[in-house]
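Each position in the sequence shown, counted from 1, maps to that position plus 59 in our numbering. Just so you know, even glycine gets a beta-carbon here, dropped at the ideal spot from N, CA and C.
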Amino acid sequence: MPRTRVDYATDQITVYRYCSYGCRYCYVWRNKLFAGRVMRGKYDPVEEARRYLGKTGRTIVVSFVSDPYPPEEDKKRLTRRVLEILCRSRNRVMVLTKNPVLALRDLDVMGQGDCWLGTTVITTHPWWHRVLEPRAPPPLNRLLALFRAREKGIHTWLSIEPIIPRVTDLDVIAHLAVELGIDYVVLGRYNYWKHISLPEAQYLRITEGGHEFLWLDANPTSEEELVQWYREHVPKTIDFLKEHGVKYHIKKELAKVLNNA
Ligand code: SF4
60 MPRTRVDYAT
70 DQITVYRYCS
80 YGCRYCYVWR
90 NKLFAGRVMR
100 GKYDPVEEAR
110 RYLGKTGRTI
120 VVSFVSDPYP
130 PEEDKKRLTR
140 RVLEILCRSR
150 NRVMVLTKNP
160 VLALRDLDVM
170 GQGDCWLGTT
180 VITTHPWWHR
190 VLEPRAPPPL
200 NRLLALFRAR
210 EKGIHTWLSI
220 EPIIPRVTDL
230 DVIAHLAVEL
240 GIDYVVLGRY
250 NYWKHISLPE
260 AQYLRITEGG
270 HEFLWLDANP
280 TSEEELVQWY
290 REHVPKTIDF
300 LKEHGVKYHI
310 KKELAKVLNN
320 A
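Right, here's the structure in full:
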């Protein structure tokens, strides 16, 4: 069974061995070793899910290294088959997808067990979204899909990772999380920024509806700048979530930065 090293889950199942959303900050497909392992993965996710029927107390993320709701899921329904099994087991299942809109059709299955529907949002700015995650549904659509799931009694969660200075509007995302009744928020740092280098140019101009935006370089200029930004902005978000009774988890790499302040 594939265990996971993240600190809020114990296990993970990768349903698809590729991801068509093409987020520019995604590290999975830049890490040749990791991508190679995913591509070579021989296991059948449905068989893998069956192995959890006799287990209890696990927290299984579906999926970390690719998205469980790519456009192909519309016809293949492979993730649905995995969830049909996992949601019958006595484990917590945490679905993480950039396309919770498509996942809404599986709420009937999710409602059969302890299954949480989650999405990642790192920015609500439309132009950042278009540049950084061009093939994924817009962030507000994702958040509204979680709201609809919550209305149907499904627990929802939000991953804000990677938090990128100047790109991630933490205060807006946190307000939306509260307004939309999201149950659980995970915050994570921008771990691989030195490798990812976003975007290549210092400034870009995007012409949209006759307007031009100046686009600042997304990458921090140094580790110190990143750390300073986190120490200034993340605690305010945590206070806000606490104040509104939203459960949250700070991933260990980010907690380390904050705790050493
Ligand atoms: S949806 Fe997730 S796995 Fe797919 S490219 Fe984006 S960050 Fe990477």
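Option nearest residue 140 by Cα separation, candidates 75, 299, 195:
Locating residue 140 in the sequence shown gives position 81, where the first residue counts as 1. For residue 140, the nearest C-alpha among the options comes from 75.
Less than 7 Å between the CB of residue 307 and some heavy atom of ligand 1, yes or no?
What you label residue 307 is simply residue 248 of the sequence shown in a count that begins at 1. Not under cutoff, so the answer is no.
Cβ of residue 247 versus every heavy atom of ligand 1: is any distance shorter than 7 Å?
For this step, residue 247 is matched to residue 188 along the sequence shown. No, since every heavy atom of ligand 1 falls outside the 7 Å radius drawn around the Cβ of residue 247.
First and last residue of the beta strand (DSSP E) that includes residue 245?
Looking up residue 245 in the sequence shown gives position 186. Unbroken beta strand (DSSP E) run through residue 245: 243 to 246.
Can you tell me whether residue 293 is helix, strand or coil according to DSSP?
Locating residue 293 in the sequence shown gives position 234, counting from the first residue. Residue 293: helix per DSSP, three-state reduction.
Tell me the rounded alpha-carbon separation between residue 122 and residue 238.
The count along the sequence shown starts at 1 and reaches residue 122 at position 63. The count along the sequence shown starts at 1 and reaches residue 238 at position 179. About 26 Å.
Should the segment 189 to 204 be called in touch with the segment 286 to 305, which here means at least 3 C-beta pairs below 8 Å?
Three or more Cβ pairs closer than 8 Å define a contact, and the segment 189 to 204 falls short of that threshold against the segment 286 to 305.
Taking the alpha-carbon positions, what's the residue 210 to residue 240 distance?
Locating residue 210 in the sequence shown gives position 151, counting from the first residue. Locating residue 240 in the sequence shown gives position 181, counting from the first residue. Between the alpha carbons of residue 210 and residue 240 lies a gap of roughly 9 Å.
Quick one: residues in its chain with C-beta nearer than 6 Å to the C-beta of residue 215, no 5 flanking neighbours on either side, listed in chain order?
As a first step, residue 215 must be located in the sequence shown, where it is residue number 156. Cβ within range, chain order: 176, 205, 208, 209, 241, 242.
Close beta carbons around residue 224, own chain, < 6 Å, minus the five adjacent residues each side:
Stepping through the sequence shown from its first residue, residue 224 is reached at position 165. Taken in chain order, the residues that qualify are 279, 288.
CB-CB under 7 Å to residue 233, same chain, minus the five flanking residues each way: which ones, in chain order?
Position 174 of the sequence shown holds residue 233. Apart from the 5 residues on each side of it in sequence, residue 233 sits with its Cβ closer than 7 Å to the Cβ of 296, 299, 300 in its chain, given in chain order.
Please classify residue 138: does DSSP put it in a helix, a strand, or coil?
As a working mapping, residue 138 is identified with position 79 in the sequence shown. Three-state result, residue 138: helix.
Around the Cβ of residue 319, are there at least 16 other Cβ atoms within 10 angstroms (buried) or fewer (exposed)?
One-based indexing of the sequence shown puts residue 319 at position 260. Answer is exposed; the Cβ neighbour count stays below 16.
Does the segment 179 to 186 come within contact of the segment 140 to 150, defined as at least 3 CB pairs closer than 8 Å?
No contact exists between the segment 179 to 186 and the segment 140 to 150.
Tell me which residues share the same chain as residue 66 and place their Cβ nearer than 8 Å to its Cβ, disregarding the 5 neighbours each side in the sequence.
Sequence index remark: in the sequence shown, residue 66 carries index 7 (1-based). Counting only Cβ-Cβ distances below 8 Å, and skipping sequence neighbours, we find 308, 310, 311.
Can you give me the C-alpha to C-alpha distance between residue 261 and residue 164, rounded to a whole angstrom?
Taking the sequence shown and counting its residues from 1, one reaches residue 261 at position 202. Taking the sequence shown and counting its residues from 1, one reaches residue 164 at position 105. Unreliable positioning characterises residue 261 in this predicted model, as indicated by a pLDDT of 39, which lies under 50. A coordinate reading is not provided.
If residue 285 and residue 251 are in contact, beta carbons under 8 Å, what's the gap, nearest whole angstrom?
Here residue 285 refers to the residue found at position 226 of the sequence shown. Here residue 251 refers to the residue found at position 192 of the sequence shown. The pair is not a contact, with the Cβ atoms about 12 Å apart (cut-off 8 Å).
Can you grab the Cα-Cα spacing for the pair residue 244 / residue 102, in whole Å?
Position 185 of the sequence shown, counted from the first residue, corresponds to residue 244. Position 43 of the sequence shown, counted from the first residue, corresponds to residue 102. About 30 Å.
Quickly, what does DSSP pair residue 214 with across the bridge? List them, please.
Looking up residue 214 in the sequence shown gives position 155. DSSP, once it has assigned bridges, lists 175 as partnering residue 214.
Select from 155, 302, 111 the residue whose C-alpha is nearest the C-alpha of residue 217.
Taking the sequence shown and counting its residues from 1, the one referred to as residue 217 is at position 158. Out of 155, 302, 111, 155 has the C-alpha closest to the C-alpha of residue 217.
Tell me, please, which residues DSSP counts as bridged to residue 169.
Here residue 169 corresponds to residue number 110 of the sequence shown, with the count starting at 1. Bridge partners of residue 169: none, in fact.
Nearest-angstrom Cα separation, counted from residue 173 out to residue 84:
Along the sequence shown, one-based indexing puts residue 84 at 25. Along the sequence shown, one-based indexing puts residue 173 at 114. Rounded to whole angstroms, residue 84 and residue 173 show a C-alpha spacing of 30 Å.
May I have the straight-line CA-CA distance separating residue 191 from residue 108, to the nearest angstrom?
Position 132 of the sequence shown holds residue 191. Position 49 of the sequence shown holds residue 108. Whole-angstrom Cα-Cα distance: 32 Å.
With distances taken from CA atoms, which of 193, 188, 235 is nearest residue 226?
Stepping through the sequence shown from its first residue, residue 226 is reached at position 167. Out of 193, 188, 235, 188 has the C-alpha closest to the C-alpha of residue 226.
Write down the C-beta distance between residue 150 and residue 114 rounded to the nearest angstrom, noting that I regard them as a contact closer than 8 Å.
Reading the sequence shown from its first residue, position 91 is the one you call residue 150. Reading the sequence shown from its first residue, position 55 is the one you call residue 114. About 6 Å separates the two Cβ atoms, so the contact holds.
Cβ-Cβ distance between residue 120 and residue 169 below 8 Å:
Here residue 120 is taken as the residue at index 61 of the sequence shown, counted from 1. Here residue 169 is taken as the residue at index 110 of the sequence shown, counted from 1. Against a cut-off of 8 Å, the Cβ pair of residue 169 and residue 120 comes out as no contact.
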